[in-house]
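Right, one structure below, let's go through it.
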Amino acid sequence: MTRKITQQYKAYRDDIRDLQTRRPVPGPQIEQLDPFLFLNHHGPQVYAPDNLGLPFGPHPHRGFETVTFILRGELAHSDTGGHESIIHAGGVQWMTAGSGLIHAELSPESFKRSGGELEILQLWVNLPSSLKMTEPGYIGLQADEIPVIPLSHGHGSVNLISGSLAGVAGPVRSLTGITMMTAQLSAGSEVTLPAPAARQVFLYTVKGRLRIGDEEARAWHLVDLDGSDDSVTITAVDDVVFLFGHGDKINEPMVSHGPFVMNSVAEINQAILDYQAGKFDVKLKP
1 MTRKITQQYK AYRDDIRDLQ TRRPVPGPQI EQLDPFLFLN HHGPQVYAPD
51 NLGLPFGPHP HRGFETVTFI LRGELAHSDT GGHESIIHAG GVQWMTAGSG
101 LIHAELSPES FKRSGGELEI LQLWVNLPSS LKMTEPGYIG LQADEIPVIP
151 LSHGHGSVNL ISGSLAGVAG PVRSLTGITM MTAQLSAGSE VTLPAPAARQ
201 VFLYTVKGRL RIGDEEARAW HLVDLDGSDD SVTITAVDDV VFLFGHGDKI
251 NEPMVSHGPF VMNSVAEINQ AILDYQAGKF DVKLKP
């Protein structure tokens, strides 16, 4: 047995300045896959020398976590919690906005001078009401800090970010027990991944086509699965790259307003007031 595809959502194009961007969720047919709220797929594209780089200057967040996968290129991060890093291709950033952070995600000066390939995924993961005001945090991982687990007799691999697989634990301990990974499979190979039936699976095809049961999923599609089994068997039709994870459903009211995700309109209004009052600048708090 394997879980089966119930629905697919094609990412729609929504470029940000000169940054090619696709977004499968939220979209016209889907608001969220609880607890997964939002995915931006930037690129793949090649920046010329003397470019403007990424357009994500300082902006606030509250009430959720951002997980950013740098597939190609590099990303400079800084935030009001005092965290700074430059993450290169193959690395990951996991930021807990919690009670509130202001951060910037920009291209390093070297990338703006020289240009190069760029492809980045950013996933927003909701927090339950009991954790929305948790202390902010940040983890930046380079590629060599992320375990690589061989799959399908050497015809594929997983980069394990959080959770466990094949006796290996990911370097991030998620506040809500999220399992998250990127995976690569060669055409014709197959893998069966754990996907507990009670949990929400997040599966997005970054590159190539894959098949689950009798149904095929093409690149740039978010795939929703049923809850019929505790695993999913994925066959690569082409050489394929996909984002895969699962988490417990929160099943709480969700109100989003730009960079804030809370449980009520009143909490959104309070987030705006707190941001305007400078309370997101963690370094300035007594």
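Under UniProt numbering, think of the first position of the sequence shown as 1, with each following residue one higher.
Just so you know, even glycine gets a beta-carbon here, dropped at the ideal spot from N, CA and C.
Source: prediction; values computed, not measured.
Item                                                                                                           : Value
Separation of Val232 from Gly98, as counted between CA atoms                                                   : 32 Å
Backbone secondary structure at Lys279 - three-state DSSP                                                      : coil
Assigned secondary structure, Val265 (DSSP; H/G/I helix, E/B strand, else coil)                                : helix
Distance between beta carbons of Pro253 and Asn263, contact taken as under 8 Å                                 : 5 Å
Cβ-based neighbour list, Pro150, same chain, cut-off 6 Å, excluding 5 preceding and 5 following                : Ser157
Asp230 and Ala197 closer than 8 Å at C-beta                                                                    : yes
Three-way DSSP call (helix, strand, coil) for Gly213 in this model                                             : coil
Cβ pair residue 323, Tyr275 closer than 8 Å                                                                    : The structure shown has nothing for residue 323, since the chain only spans 1 to 286.
For Arg173, three-class secondary structure by DSSP                                                            : coil
Cβ distance (whole Å) where Pro55 is taken to contact Leu19 below 8 Å                                          : 6 Å
Segment limits, alpha helix (DSSP H) that includes Arg113                                                      : 109-114
Separation of Arg22 from Asp14, as counted between CA atoms                                                    : 6 Å
Ala76 vs Pro108 beta-carbon contact at 8 Å                                                                     : yes
Thr192 classed as buried or exposed, judged by whether at least 16 other C-beta atoms fall within 10 angstroms : exposed
Beta-carbon spacing of Phe244, Leu203 below 8 Å                                                                : yes
The segment 77-84 contacting the segment 107-125, beta-carbon criterion three pairs below 8 Å                  : no
For Ala271, the three-state DSSP class (helix, strand or coil)                                                 : helix
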